[in-house]
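Down below is the structure, laid out as structure tokens.
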Amino acid sequence: MKKTIIISSLAIFVLSGCFGGGNQKQEWTALIYPDKNNTKRSKKHGIYPTLEECKKESLLELERLELSSRGDYQCGLNCTYNEGAQMEVCEKLSK
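If you count by this note's numbering, then the sequence shown holds residues 96 to 190, one letter each, in order.
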């Protein structure tokens, strides 16, 4: 009986981990590159609820900074700052 309860509990735990992550909040971080040839140097511009809003605001910021022709941007999904690497680490990058 104990074995059945343990196995059932473990199965529920594993399945909730596999299928329960779908409602994780998405945050898109705008990363502005003043020089599109040097992506090691970036400016974090803001965090947005959708990829579309991140793209729109990134392009507006490039225009505001007068960097439309020589700068670039990327939007990162659920980014966190990594102290060791001294950079934003994101689940996914998109443009």
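For glycine and all other residues, C-beta sits at the position ideal for the given N, C-alpha and C.
In this structure, Y168 places its C-beta atom within 9 Å of the C-beta atom of A125. Separation of the CB atoms of G171 and D130 is rounded to 18 Å, and the pair is thereby denied contact status at 8 Å. Within the DSSP secondary-structure output, A180 pairs in no beta bridge.
When secondary structure is reduced to three states using DSSP, K190 falls in the coil class, being assigned neither helix nor strand. Residues of the same chain with a CB within less than 6 Å of the CB of S137, apart from the 5 flanking positions on each side, are L126 and Y128 in chain order. Taking C-beta separations shorter than 8 Å and ignoring five residues to either side along the sequence, the partners of E183 in its chain run T124, L126, S137, K139, G171, C174, T175, Y176 and N177, following chain order.
Assigned with DSSP and collapsed to three states, K138 falls in strand.
In the structure shown, C149 adopts helical secondary structure according to DSSP, grouped into three states.
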